[in-house]
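Residues in the sequence shown are numbered consecutively from 1, following full-length UniProt numbering.
Note that beta-carbon positions come from the ideal geometry of N, C-alpha and C, so glycine has one too.
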Amino acid sequence: MRTCLVVDDSSVIRKVARRILEGLDFQIVEAEDGEQALEICKRGLPDAVLLDWNMPVMDGYEFLGNLRRMPGGDAPKVVFCTTENDVAHIARALHAGANEYIMKPFDKEIVTAKFQEVGLI
Numbered sequence: 001m002r003t004c005l006v007v008d009d010s011s012v013i014r015k016v017a018r019r020i021l022e023g024l025d026f027q028i029v030e031a032e033d034g035e036q037a038l039e040i041c042k043r044g045l046p047d048a049v050l051l052d053w054n055m056p057v058m059d060g061y062e063f064l065g066n067l068r069r070m071p072g073g074d075a076p077k078v079v080f081c082t083t084e085n086d087v088a089h090i091a092r093a094l095h096a097g098a099n100e101y102i103m104k105p106f107d108k109e110i111v112t113a114k115f116q117e118v119g120l121i
């Protein structure tokens, strides 16, 4: 079974994402900030990461840079989630190594479409 690491400081967002992604046959691992997510990745890389951008301790941008520098860290497909809709913000994330992005709030159709676009389903 494919795994998806859901990284968000909001337990509500993690719960919604878990429900959607489990419905798409993913096994879910959760982290509430980038530092926790990085520790999880050191133990084993997921197939996908649904990544919040604005978090305490270590934000999504810093996490993504660390992930991509890890051995094999270029393999997970990263879909970042944001409330920011300016082009510069999105470009920065894509340049940092994100494969796709989703605007919050999201729903099953949006997540499904983005995961299809990056070849996860």
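Element boundaries [alpha helix (DSSP H), containing residue i]
| i | result |
| --- | --- |
| residue 13 | 11-23 |
| residue 35 | 34-43 |
Spatial distance of residue i from residue j (CA atoms)
| i | j | result |
| --- | --- | --- |
| residue 107 | residue 11 | 16 Å |
| residue 31 | residue 52 | 10 Å |
| residue 40 | residue 79 | 17 Å |
| residue 77 | residue 59 | 18 Å |
| residue 57 | residue 42 | 17 Å |
Beta-carbon contacts of residue i that lie in its chain and below 6 Å, excluding the five residues immediately before and after
| i | result |
| --- | --- |
| residue 115 | 121 |
| residue 17 | 6, 50 |
| residue 90 | 101 |
Whole-Å CB distance - residue i paired with residue j, under 8 Å assumed
| i | j | result |
| --- | --- | --- |
| residue 63 | residue 38 | 6 Å |
(request) Take every Cβ of the stretch 82-97, pair it with every Cβ of the stretch 43-50, and state whether three or more of those distances are shorter than 8 Å. (result) no
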